[in-house]
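Chemist: Got a structure for you, questions after.
Residue numbers (this note's numbering): 1277 to 1350.
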């Protein structure tokens, strides 16, 4: 890889940087496509302030905490 880059006048540092960017994008894609666990959702609900503005559905985090035992399986 490096010999070829040098022979063509390419900067090996730039080539490594581009390859690392590609790997980073693959990791980000994989992170976005993976299934979210119930534990992760619960952590987010409990980490957010209960007095925050309701979401687009009109429900606040306080609502979700109060009814967690009912909605956690959904």
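Note that CB positions come from ideal geometry on N, CA and C, so glycine has one too. In this text, all values refer to a predicted model and were calculated from it rather than measured experimentally.
Please report the distance separating the alpha-carbon of residue 1313 from that of residue 1330.
Modeler: 23 Å
Chemist: Where does residue 1332 fall in DSSP's three states?
Modeler: coil
Chemist: What separation, rounded to the nearest whole angstrom, lies between the Cα atoms of residue 1315 and residue 1349?
Modeler: The C-alpha of residue 1315 lies about 11 Å from the C-alpha of residue 1349.
Chemist: Between which residues of its own chain and residue 1326 is the CB-CB distance below 6 Å, once the five residues before and five after are set aside?
Modeler: 1337 and 1338
Chemist: Which runs of the alpha helix (DSSP H) spanning at least 4 residues fall entirely within the segment 1285–1326, listed in chain order?
Modeler: Within the segment 1285–1326, the complete alpha helix (DSSP H) runs of at least 4 residues fall at 1288–1309 and 1314–1323.
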